[in-house]
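Visitor: Below you'll find the structure I mean.
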Amino acid sequence: MIIQFFVVNKSGGLIYKYERSSNTPINKLLVLSSTIYSLCTMYDNLFPSQNSLDIKQAIRLNNKVITFYKSPSGVSFVFVATEPCYNIIKVVYQMYSNFVAKDPFYEVDMPIKNDLFNPEPFFNELL
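In the numbering used here, the protein residues as written are 24 to 150.
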């Protein structure tokens, strides 16, 4: 089950959020997204990937798993769930590419406000 989902820009800023049930204050989410981004960047520097265009990482906690995917454009997708979310990464990234990156009105690194980018219906199906 996906509990939270974030899209983080190249500099670690939160540009999209989804929360299943809780409504965490935005300041805490901004700190969380920056921290996760920093951890994954440090991990990538310590253990460089063979294929730098396909970076997928999972951080396991007591009862949650944080799955992190860094796209070739530098945009990161962070899933907080009960198990790794490798199956849904491709679907969410394709939605982002089709509905956000190709949107002529979208400004890079700004919050995502496109109504067509709605990965939530897939969160229960593909996990």
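Each residue gets a CB set at the ideal place from its N, CA and C atoms; glycine is no exception.
#1: Under a Cβ-count criterion, where at least 16 other Cβ atoms within 10 Å of its own Cβ denotes burial, should asparagine 141 be classed as buried or exposed?
#2: Following the continuous alpha helix (DSSP H) through lysine 51, name the residue where it begins and the one where it ends.
#3: Quick check on DSSP: helix, strand or coil for isoleucine 38?
#4: For leucine 53, which residues of its own chain have a beta-carbon under 8 angstroms away from its beta-carbon, when the five flanking residues on both sides are left out?
#5: Is the stretch 54-72 in contact with the stretch 87-100, if contact means three or more CB pairs nearer than 8 angstroms?
Guide: According to the structure shown:
#1: So asparagine 141 ends up on the exposed side.
#2: Lysine 51: member of the alpha helix (DSSP H) spanning 49-69, first to last residue.
#3: For isoleucine 38, the secondary structure class from DSSP, reduced to helix, strand or coil, is strand.
#4: These residues qualify, in order along the chain: Gly36 and Leu37.
#5: Segment contact: the stretch 54-72 against the stretch 87-100, three or more CB-CB distances shorter than 8 angstroms; contact assigned.
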